[in-house]
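Below you'll find the structure, written out as structure tokens, and then a few comments.
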Amino acid sequence: ASLATPPPPRAPPPPPPAGGPSLVAPATAADSSLVYRPLSSVDVGRGALARTEQQYSTTFAAYLSRFLLNNEPTTRRWWQTQVSEAESFTMDDEASDGIVGLLGEQRRDAFLASKFSSLVTSVEVGLEGYYGEKGAGRLGEALANKYSSAGQKRLLAHLLCLIEREQQPTRLIGSLIGEADASRLASVQLETAATGYSATPPSVTVGPPPSLDRGGRTAKARALMRPTGRWREVRLLDGGAGYADGEVPEVAIDGPPLPAAAEEGGGGLADGDGGRTAPARAVAVMRNGSVARVQLVAGGEGYLARQGNGSAPSAARVRIAPPASALAGGARQARADLLAEYKIAAVELTDPGAGYNADEPPAVTVAPPPAVSAAVASPGGLGGSALAASVANYTRLVADPASRARFRASLTPRAAPPPNASELSELSRSLEAAARTPSNVYLGPATPP
23 ASLATPPPPR
33 APPPPPPAGG
43 PSLVAPATAA
53 DSSLVYRPLS
63 SVDVGRGALA
73 RTEQQYSTTF
83 AAYLSRFLLN
93 NEPTTRRWWQ
103 TQVSEAESFT
113 MDDEASDGIV
123 GLLGEQRRDA
133 FLASKFSSLV
143 TSVEVGLEGY
153 YGEKGAGRLG
163 EALANKYSSA
173 GQKRLLAHLL
183 CLIEREQQPT
193 RLIGSLIGEA
203 DASRLASVQL
213 ETAATGYSAT
223 PPSVTVGPPP
233 SLDRGGRTAK
243 ARALMRPTGR
253 WREVRLLDGG
263 AGYADGEVPE
273 VAIDGPPLPA
283 AAEEGGGGLA
293 DGDGGRTAPA
303 RAVAVMRNGS
313 VARVQLVAGG
323 EGYLARQGNG
333 SAPSAARVRI
343 APPASALAGG
353 ARQARADLLA
363 EYKIAAVELT
373 DPGAGYNADE
383 PPAVTVAPPP
393 AVSAAVASPG
403 GLGGSALAAS
413 VANYTRLVAD
423 PASRARFRAS
433 LTPRAAPPPN
443 ASELSELSRS
453 LEAAARTPSN
463 VYLGPATPP
């Protein structure tokens with residue numbers, strides 16, 4: 023037999039000579055990619071298959087034969103013919119191979135076992151065309167392209183798992199399982215909120231399905247942001263001019279609003295800080311008579327205001343002291359405002375994707391917070407070494423927050439669940455009844471290896 027592209031349809035070959043190896047073949051291959059012909063006509067003896075069996079075990083060949091009996095039309099019709107003949111309890115002397123004397127089920131089972139053994143040998147002949155380093159991958163792709171139902175894909179995944187691990191087409195196996203399961207991303211739960219972000223949502227990346235190269239689709243999601251009640255950084259609007267050498271203007275930031283509990287007698291802010299408040303603090307970094315940047319020393323707490331059912335950053339002003347010689351020509355007061363810190367409060371699914379393995383949720387990752395520049399100046403210019411250390415510590419905390427987002431992805435159930443134990447047992451019984459073969463070569467098509 024051949025598992026490769028068939029030749030043009032032709033008349034069935036004549037029976038092989040008496041005593042020679044043979045395969046009983048279907049009459050035509052008009053609707054099949056398989057062509058059966060006498061083993062002697064392809065000049066392959068039993069011993070010549072030893073090389074193939076080094077790569078594809080007899081168990082693999084038996085499983086593939088089972089698969090073809092149940093899913094390949096020509097092979098199925100051929101087997102039905104053998105079953106019908108076995109049920110009639112008639113075999114000529116040549117085909118009986120010396121077992122004419124066996125009666126009843128023994129005779130029928132022996133006949134079907136011999137035919138199944140011939141089919142396994144036929145499959146091994148076809149596997150000769152898929153020998154070598156990339157042979158298993160080519161064989162898997164050829165079968166996967168021909169058999170497209172969810173059940174067939176799952177069986178093919180089981181089949182390919184019988185190949186030696188070093189040669190398994192693992193990527194194709196994963197793809198077939200994903201195609202059969204056809205799971206989609208149902209939700210992404212945020213287990214730990216991550217802080218240190220700006221108002222711009224970070225990108226969320228969902229891992230691709232194993233079937234991405236065979237019609238699968240990667241899920242997509244987006245981050246939903248919420249203010250933390252702290253300030254992330256001070257944005258310098260105008261560095262001013264005319265500050266004297268060594269002059270470091272004082273920076274004052276409005277305090278947070280009173281907690282809702284104090285203002286309204288209870289309730290607190292929605293998703294706020296539980297009523298905790300603390301003022302933000304910042305220092306100016308000078309260069310050439312101007313404010314080069316304003317560095318937060320403490321982001322504060324409780325800078326939140328109600329907004330509908332949620333909260334938003336409250337208003338707070340930044341006041342930078344004017345130059346001491348404000349009346350000097352060209353002197354100008356520096357100006358700045360505040361940028362709020364946000365956290366990832368939830369992840370919203372925008373596309374569930376397709377083709378995921380129901381037992382392997384994809385990894386979900388989020389981009390880290392944007393970097394916050396550290397102040398560049400001498401400790402004295404910042405007001406002392408202790409203050410400089412405080413600035414450096416706050417910059418590190420914002421740029422590399424201890425709280426990193428952790429997610430848990432959930433998938434939809436399998437589109438076509440695999441058989442349960444009861445169904446597998448019934449399937450095994452029905453297959454045994456339809457195709458009786460010795461137990462040492464029987465492998466149920468739905469049983470994972």
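If you want my numbering, it's the 1-based position in the sequence shown plus 22. Beta carbons are placed, not taken as given, at the ideal position from N, Cα and C, and that holds for glycine. Just so we're clear, the structure is a prediction, and the values are computed from it rather than from any experiment.
Per DSSP, what kind of secondary structure is I195 in: helix, strand or coil?
helix
Contact set for L165: own chain, Cβ-Cβ below 6 Å, skip 5 residues either direction:
L178
Same chain, Cβ closer than 6 Å to A158, five either side skipped, listed in chain order
I185, Q189 and P191
Is R328 helix, strand or coil by DSSP?
strand
Rounded to the nearest angstrom, what separates D373 and A221 at their Cα positions?
23 Å
Please give me, in chain order, every unbroken run of the alpha helix (DSSP H) with length at least 4 that falls completely inside the segment 165-215.
Whole alpha helix (DSSP H) segments, 4+ residues: 172-182 and 192-203.
Secondary structure of K137, DSSP reduced to three states:
helix
I think L134 touches A108, with their Cβ atoms under 8 Å apart; what is that distance to the nearest whole Å?
Yes, L134 and A108 are in contact; Cβ-Cβ is about 5 Å, under 8 Å.
Rounding to the nearest angstrom, what Cα-Cα distance links T240 and P435 in this structure?
17 Å
Give me the Cα-Cα distance between K168 and L161, rounded to the nearest whole angstrom.
11 Å
In chain order, what residues of the same chain lie with their CB nearer than 8 Å to the CB of R428, ignoring the 5 residues before and after it?
L212, E213 and T214
How should A245 be labelled, buried or exposed, when 16 other C-beta atoms within 10 angstroms of its C-beta is the threshold for buried?
buried
For G375, which of S205, G261, Y152 and V316 has the nearest alpha-carbon?
S205
DSSP puts L318 in a beta bridge; with which residues?
A304
Following the continuous beta strand (DSSP E) through T227, name the residue where it begins and the one where it ends.
V226 to V228
With distances taken Cα to Cα, identify the nearest neighbour of Y265 among D381, A353 and R257.
A353
DSSP state of P460, grouped into three classes?
Its pLDDT being 39, under 50, P460 is placed unreliably by the model, and nothing is read from it.
Span separating the alpha-carbon of S312 from that of P383:
One C-alpha to the other measures close to 54 Å.
Can you tell me where the beta strand (DSSP E) holding P271 begins and where it ends?
From DSSP, P271 is part of no beta strand (DSSP E); its letter is neither H nor E.
For G377, count the other beta carbons within 10 Å of its own beta carbon; 16 or more makes it buried, fewer makes it exposed. Which is it?
buried
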